[in-house]
Structures are given as structure tokens and as C-alpha cells.
Amino acid sequence: MENPSRRRVSNRGIEENTLAILDATGVKDTQDDNDDRLAFLEAVRAASIVPEHGTPPTNKMLDAIFKILQSGKSVELIMASYQLLSEIDKHFPRVYLSDVGTSDSSCSTPLEVVVVQEAWSPFVPGLDIASSEREAADRKFDGPIDSSGFHLLIQNLVQVTEETNFQALGLKSMGNMLLFQYLVNVLEGDFLPRNSVYRETMNWNLLRESLLNMLLGSRRISYKGLIKDCLFIVSTLCHVHVGFVDDVRSSENSAAKPYKDSDTAVAVALLEVEKCTCIAIQRLLVMIMELDMSKKKADMEGHTTRADGVRTPLVEIILDELTYNKDILSPFLQVFDEPKWKLEIVLQYFWKYIAKPSVRTRRSNGSTDDATLDGVLKCFSNSTSTKSIIKKISTGVAQLLLAHAFQAYLSLSSQQHPVKSLADSEEVVRGSSLVEICKSVISAFHSLRRTDEHMEILPFEKEALFTAATILSTKS
Numbered sequence: 001m002e003n004p005s006r007r008r009v010s011n012r013g014i015e016e017n018t019l020a021i022l023d024a025t026g027v028k029d030t031q032d033d034n035d036d037r038l039a040f041l042e043a044v045r046a047a048s049i050v051p052e053h054g055t056p057p058t059n060k061m062l063d064a065i066f067k068i069l070q071s072g073k074s075v076e077l078i079m080a081s082y083q084l085l086s087e088i089d090k091h092f093p094r095v096y097l098s099d100v101g102t103s104d105s106s107c108s109t110p111l112e113v114v115v116v117q118e119a120w121s122p123f124v125p126g127l128d129i130a131s132s133e134r135e136a137a138d139r140k141f142d143g144p145i146d147s148s149g150f151h152l153l154i155q156n157l158v159q160v161t162e163e164t165n166f167q168a169l170g171l172k173s174m175g176n177m178l179l180f181q182y183l184v185n186v187l188e189g190d191f192l193p194r195n196s197v198y199r200e201t202m203n204w205n206l207l208r209e210s211l212l213n214m215l216l217g218s219r220r221i222s223y224k225g226l227i228k229d230c231l232f233i234v235s236t237l238c239h240v241h242v243g244f245v246d247d248v249r250s251s252e253n254s255a256a257k258p259y260k261d262s263d264t265a266v267a268v269a270l271l272e273v274e275k276c277t278c279i280a281i282q283r284l285l286v287m288i289m290e291l292d293m294s295k296k297k298a299d300m301e302g303h304t305t306r307a308d309g310v311r312t313p314l315v316e317i318i319l320d321e322l323t324y325n326k327d328i329l330s331p332f333l334q335v336f337d338e339p340k341w342k343l344e345i346v347l348q349y350f351w352k353y354i355a356k357p358s359v360r361t362r363r364s365n366g367s368t369d370d371a372t373l374d375g376v377l378k379c380f381s382n383s384t385s386t387k388s389i390i391k392k393i394s395t396g397v398a399q400l401l402l403a404h405a406f407q408a409y410l411s412l413s414s415q416q417h418p419v420k421s422l423a424d425s426e427e428v429v430r431g432s433s434l435v436e437i438c439k440s441v442i443s444a445f446h447s448l449r450r451t452d453e454h455m456e457i458l459p460f461e462k463e464a465l466f467t468a469a470t471i472l473s474t475k476s
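Residue numbering for the sequence shown follows UniProt numbering, beginning at 1 and increasing consecutively.
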């Protein structure tokens, strides 16, 4: 068995040689320098990840790995540093759940959150430090990231998605996308254990101290601006992904502007990195909505204070953006595939334009009691209410929303406990079976067609209708 002290000596040796291996000035960019960096990354992996009981890298080593990712010297270095940081986080989590011993074997074992206080983090402690040195570091993405640096990174991704010339996108673009993905991984690793225990204990301090809550509460960022940037990235990447594929294919067949091998490697890698960036944006949005829901509960229980501040719920911001910018509605719904929140967003979108009764009750999450899929579908049961809806949102938007709501409902229905996972822990389809929902979806489209004789049913909506009809045929 390997002596632990020998492993510690090995780590110290790697740390002592870090500055010798890495170029502190960042100006060297030869192949030998890149080979040295790759050797350093492999040495850290061999000391920390490969052994069954490896020791965590020192903070100095982690700083060096993080700077390699930020500097983006080559595709190999960017990918290797990103993967190594991700593996280190899995082996040595900063926040994790631990069983709390109990003498009562009949009770389920409670969990508690363990926070490794001395653990290295890519984020600046407190996330809200303002200084001229810090702002200069933010612009270069050099070292730990604070709140304004995180927003600046997202703004850089907006510029990447706006770039129509594929060859103008290079290592820096790919590096920034992977840097963002890694930071989202860190936020998620910190938030999910805390939120899981919060649901059981209602201890708001767990979430108050989360990286995500501190990031969103920072006065150095524009929260709504950050969210709008995220929505823009998701909606734009939905459109340009096919274009990038076409660019790569056409470049391979073009003798006029041949790619170098390195350019081809970046081109191929970018396609996958863009897809994963879309997923990371979605995960960030889902975390924020989950945090909003938990904070709403904490507010109702009187656990929050004025120091927690007031923040517009993310669902409301998304609804406003989708309402006033119809161009992003379809691409956003196409990309955003988390069924629980997708269904909630669509239902709340509908509910903004559905005629309400004069007397209403409010649910715990602030929406009306009938904001369910069953309730929305019933609003298409007669020509009067159908005309009222399409007059406000158009036939095309109505059928698009219906199709996506049905898709999200089916995804939730296929899960083991769909009802328990919904945004407000209540049934959004109370009293309706799958067969009834399918019948109501088909009926809603018939009602739209009767109201608008010139309505054209698009492919995605046809697929939803075909799915509903197929389910009915198998259940009959």
C-alpha cells in the first residue's frame, strides 16, 4: 500500500515546479511550452485522480490549471484542463451530503450539508469585491472570477454567438465557452446539495450562503441584463448550429480557402462545445428558478430578511422576454427541454392572455389555481374563448405553445414520480388522465382550425398531433 506521506511529497514536488513549468508572463506560446503544460496536467492527474486514494491538488496547482483553461493556448490544453478540473471536482467536492447518524433504524437517515471551507474555488470569496486590479483581471479572465467577471464572460459569449464568420471564431471562443461550462458546474455542485437539504429542513441559511445566491445578489451585475444575455445565447445558438455545420462541410470541399489541421480541430471541437454551452445555460436558468422557488417558501415562512433583497422571479423575466420578443419564442422552446419548468413557463404564458373569472384565488407560487394544462386546454373548448386567445397571441403562437406544453407533459408523465417534481409540488393536470389530455390537445387544434380556416399546422405541431392520436389508438 502506498504511503500517504509519499503522495503528499509528490504533490509538493509538483507544486514547487509549477512556476518553472508554466510561463508566468503568459507570452510564450511555443509547442515546447504547450508540451510542458500538458505534462504538468498529466502529473497532477497521476498524483490526484489515478490513485485509489489520491490526495487533492494544492490550491497553487489548481490556480495553475485554472489559468491554463483561461489562457486557451491550444485545443489540447483547453480540453485537458477543463476535463481535469471537472474530474478533480468529482473526486474532491467542495460541498457534499453526509449521513447524520441516528439510533432510530425505522427512520430515514437525515442528511446534512458538509462545506469544505479550505477548498479552492474558481470564484472570488464573497463574489462582490470591487477594485481596479480586480476589474483588470475580469477583463482578461485571469485568476478567480467575481460577479462582474461572470457577467462579462456571458457578454463575451453573446459576441461569439453574433459572429457569423466561422473562421473568425477560434481558441479564445472555445476557451470562454468551456470556462463558462466549468463555472456552471461549480455553481451546480454548490447549489444542489444545499437545496436538497433545504427542502427537508427549511434552513434558509444554506441557500443564503450558496455561490449562486451571492452571485445573483451582487450589486456589481445587472441581473435582468444577465438573464437577457442568457436567453439571447440560447435562442441564437439554436439557429446558428446548423449554419456552423454547413460552414465546416463547405470548407472541407473548398480548395480556395483550405483549413489548417489546427483550424479543423477547433472547428470540430466548437460544434460540440456550443451544444454543451446551450445545455449549461439551461442548467443555470433551472438552478435560478429552483432558487426562486425555495426563496419564495422561505419568504412565506418568515425566514428571509431585508438583507436578502428582492429579485424578480426568473419565470417572470422569461415571460416578459418571450412576450415582447416573439423572434426568440420558438428557438427558446426548442432548446429549453427541462420539462418541469418548460411546462410552467408555457402555462404561465397562456395564463397572461386567458380571460380570468372575477373572483380568483392565488396559489402559493403566485399563479392562479387554474394555471394547469387541463385548465388551459379547456379554454379552447369553445369558439368564444379560442377567438379571445388567438386575438391576443395569434394562431401560430397558440399552436406552438400547445405542442410544447404537450411535449413537456409527456416527458413528465414518463418519469417515475412526475407530480412530485412539478414547480409547485401540485398536479398541473389535476383530474386528467393521459387519454383525456390527448383528446383535449386534439380538440384544441380542431378549435383553432375552426376559428382560423387559413391556419397552417407546422411540422412540430403535426408531430404533437400525431403523437396524441397514436396514444389514443393504443389506449382504445
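From the three backbone atoms N, C-alpha and C, an ideal C-beta is built for every residue, glycine too.
Sequence-distant residues of its chain with Cβ nearer than 7 Å to residue i (five each side left out)
i	result
Val273	Met174, Met177 and Leu178
Ala434	Reading off the sequence shown, one finds Leu at residue 434, where the question assumed Ala. Hits under 7 Å: Ser413 and Ile471.
Tyr82	Leu69, Leu178 and Tyr182
Cys278	Val234, Leu237 and Val335
Leu322	Ile328, Leu329, Phe332 and Tyr349
Pro339	Ala408, Ser411 and Leu412
Val113	Val95, Leu97, Pro193, Arg194, Val197 and Leu206
Asp229	Ile154, Gln155 and Val158
Ser388	Ala355
Ala280	Phe180, Gln181 and Val184
Ala371	Leu347, Gln348 and Trp351
Coil, strand or helix - residue i by DSSP
i	result
Val376	helix
Ala469	helix
Ile328	helix
Phe92	coil
Glu112	strand
Leu458	coil
Asp229	helix
Ile145	strand
Ser48	helix
Phe123	strand
Asn195	helix
Ile354	coil
Asp308	helix
Ile221	coil
Ser254	A caution first: Ser254 carries a pLDDT of 44, below 50, which makes its placement in the model too unreliable to give a value.
Glu338	coil
Asn203	coil
Asp35	helix
Glu163	coil
Ser443	helix
Ala280	helix
Test item: CB-CB of residue i and residue j under 9 Å
i	j	result
Phe40	Ala64	yes
Leu319	Asp292	no
Arg94	Val186	yes
Arg194	Leu206	yes
Ser98	Leu111	yes
Gly217	Asp299	no
Leu344	Gln399	Strictly speaking, residue 344 in this sequence is Glu, with Leu absent from that position. Going by C-beta atoms, Glu344 is not nearer than 9 Å to Gln399.
Leu215	Ser147	yes
Ser440	Phe380	yes
Leu402	Ala444	yes
His404	Lys342	yes
Val158	Phe66	no
Leu347	Val310	no
Met455	Glu301	no
Gly54	His151	no
Glu42	Phe191	no
Contacts around residue i, its chain only, beta-carbon distance under 6 Å, and the 5 residues preceding and following it disregarded
i	result
Arg37	Ile68 and Leu77
Gly72	Ile78, Leu171, Lys172 and Gly175
Ile227	Ile317
One or two residues paired with residue i in a DSSP bridge
i	result
Asp292	DSSP lists no partner for Asp292.
Val97	Looking at the sequence provided, one finds Leu at residue 97 rather than Val. Its beta-bridge partners are Val113.
Neighbourhood of residue i by C-beta distance below 8 Å, restricted to the same chain and skipping five residues each side
i	result
Ile145	Pro122, Phe123, Val124, Asp138, Leu153 and Leu183
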